[in-house]
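Participant:
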Amino acid sequence: MDSDQKLVDEATRASRAAPDTQIWIYRNLVIAYAEFVQVREKLEDPQYAGWFLRFGGNESALPRCDPAGHCSDLFHTPSQRPGGDCGKVPCGWYVFDHRNASLREWLIEEYMLGPRFGLGNASVSGFYLDDWWTLDGPTEVNHFFEGTGLPHYGSEIKELYTNWSFTAWEAERRIAAAGGYTWSNFNCQLDRKPGYGGATEDCPPCGLTKTEGYPHAAPDPLSPVKQMKLSDAKAQCTDWLRVACKPDSILPRIPFLLAFTRNDNGAQFPLPSPLEDVATFLLVRGPYAWMGYGWLGCTDKYERPASLLTDVGEPLESCHEENAGVFVRRWSRKTVTMDCNNYTASIISETVNI
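Residue numbers (the numbering used here): 67 to 420.
1) Checking 8 angstroms against the spacing of the C-beta atoms, do T327 and M357 come in under that value?
2) With distance defined between alpha-carbon atoms, name the residue in T200, K108 and L73 nearest to R182.
3) Mind checking which residues open and close the beta strand (DSSP E) that includes A411?
4) Which of the three DSSP states, helix, strand or coil, is assigned to A425?
5) Give a yes or no on contact between the region 168 to 185 and the region 210 to 222, applying the rule of three or more CB pairs nearer than 8 angstroms.
6) Going by C-alpha to C-alpha distance, which of G215, F193, M404 and D314 sits closest to A242?
7) Do you know how far the Cα of L226 is from the Cα of A167?
8) If you draw a straight line from the alpha carbon of P371 to that of R239, how long is it in whole angstroms?
9) Does the beta-carbon distance from V350 to P318 come in below 8 angstroms?
10) Ordered along the chain, which non-local residues of its own chain (more than five positions away) have a Cβ less than 7 angstroms from that of W90?
11) Return the CA-CA distance between Y359 and L140, expressed in angstroms with no decimal places.
12) What do you reckon, are the CB atoms on A52 and L341 nearer than 8 angstroms?
13) In three-state terms, what does DSSP make of G135?
14) Along the chain, where does the alpha helix (DSSP H) containing R399 start, and where does it finish?
15) Which residue or residues does DSSP assign as beta-bridge partners of T143?
16) Does the separation of the CB atoms of N229 and R165 fall below 8 angstroms?
17) Indicate the three-state DSSP secondary structure (helix, strand or coil) for P260 in the structure shown.
18) Go through the region 330 to 385 residue by residue and report every complete run of the beta strand (DSSP E) that reaches 3 residues or more, in order.
19) In angstroms, rounded to a whole number, what distance separates the CA positions of W397 and S415?
20) May I have the straight-line CA-CA distance separating F210 from G203, to the nearest angstrom?
21) Using only the alpha-carbon positions, how far apart do T430 and G213 sit?
22) Could you say which of G363, A310, W235 and F162 lies nearest to R395 if we only look at CA atoms?
23) Tell me which residues share the same chain as Q104 and place their Cβ nearer than 8 angstroms to its Cβ, disregarding the 5 neighbours each side in the sequence.
24) Starting from the C-beta of W117, find all residues in its chain whose C-beta is less than 7 angstroms away, skip the five residues before and the five after it, and write them out in chain order.
25) Take L323 as the anchor and find which of W235, S138, F252 and G153 has the nearest alpha-carbon.
As structure tokens, this is what we get:
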């Protein structure tokens with residue numbers, strides 16, 4: 067299997083079709099995928115065994131061998147595509163051991179920045195970084211504690227968590243220095259947890275976890291968080307915009323992502339309030355802002371509401387609360403209004419109403 071090659075191939079096709087488009091590809095600094103050629107090369111080489119966590123617990127929870135007879139003492143969970151060809155090792159999700167300094171350098175220089183599959187490839191301009199460590203283990207790794215034998219909240223988990231954060235911070239810094247970008251840079255002042263993972267003060271001022279596009283209204287962790295579901299968004303509309311529209315708001319000054327509101331049952335589609343979402347976005351956005359979706363699972367069906375195509379021109383003013391619960395921002399071609407009292411929006415000009 068060669069998933070990393072396929073990512074680059076798709077990026078190349080996309081960049082040829084739309085040369086001005088920035089193309090990002092998937093990366094994971096927690097899970098080591100045997101399905102990636104460059105990772106599998108290390109998994110197959112015994113001299114790099116120290117780069118990965120090992121089995122140490124109950125083998126009945128996770129067998130070391132696959133049905134084809136490929137075995138590995140390195141901890142791994144089954145792949146999303148069982149039965150694939152991963153060379154000498156079982157396909158699956160292995161886990162990087164970030165306590166190894168040489169691993170950190172390889173992850174950054176080759177896995178992220180390298181010319182084969184990384185930012186050094188002309189078709190790649192950034193990354194969607196997935197998963198993270200917590201003080202109780204990694205995200206999305208099934209049977210982790212049973213398979214590794216590591217104790218919950220143990221000293222080794224803290225070491226892994228802290229060293230992963232150093233790797234991720236350094237990766238962010240060097241990707242930015244090389245002219246690239248990552249999903250984690252969106253809403254970073256709004257989602258940031260100070261001191262995350264023991265990171266030092268001179269680390270990049272962005273979070274290490276991917277944003278879903280429902281940010282705080284301000285860097286203050288006590289400020290309102292944009293609500294995901296429709297009923298909650300209606301109830302919180304005034305509170306969120308009242309903070310987001312303050313004269314000193316940082317929202318217009320950062321790379322900003324706002325996701326569409328979901329239905330009360332959690333389903334994204336059909337979009338329940340696309341006009342209200344676009345109006346809210348236009349009220350608070352700055353020059354580097356995106357309206358769209360966070361992680362929705364494996365789907366290729368996305369709605370693109372007509373309101374996204376509206377040419378509002380250039381901003382003439384900042385968002386402000388014109389009447390209680392009514393927020394307005396005038397652009398050169400349209401006036402955007404969000405009335406939180408009845409949760410209705412308008413994007414209007416003299417001749418066209420939306």
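In this text, a Cβ means the ideal position worked out from N, Cα and C, and glycines have one as well.
Facilitator: Looking at the atomic coordinates:
1) no
2) Proximity to R182 across T200, K108 and L73 peaks at L73, based on C-alpha coordinates.
3) T410 to I414
4) The chain is shown from 67 up to 420; residue 425 falls before or after that span and cannot be answered.
5) no
6) F193
7) 12 angstroms
8) 36 angstroms
9) yes
10) S191, G192, F193 and Y194
11) 36 angstroms
12) Past the boundaries of the shown model lies residue 52; the chain is included only from 67 to 420, so the question cannot be answered.
13) coil
14) Run containing R399: none; DSSP gives neither H nor E here.
15) W159
16) yes
17) Unreliable placement is indicated for P260, whose pLDDT of 47 sits below 50; no coordinate value is reported for it.
18) List check, beta strand (DSSP E) in window: 355 to 358.
19) 10 angstroms
20) Taking the straight line from one Cα to the other gives about 8 angstroms.
21) Look at the range of the chain in this structure, 67 to 420, and you will see that residue 430 is not part of it.
22) The option with the nearest alpha carbon to R395 is A310.
23) D70, E176, Y177, G180, R182 and F183
24) K108, F162, D163, N166 and L169
25) F252
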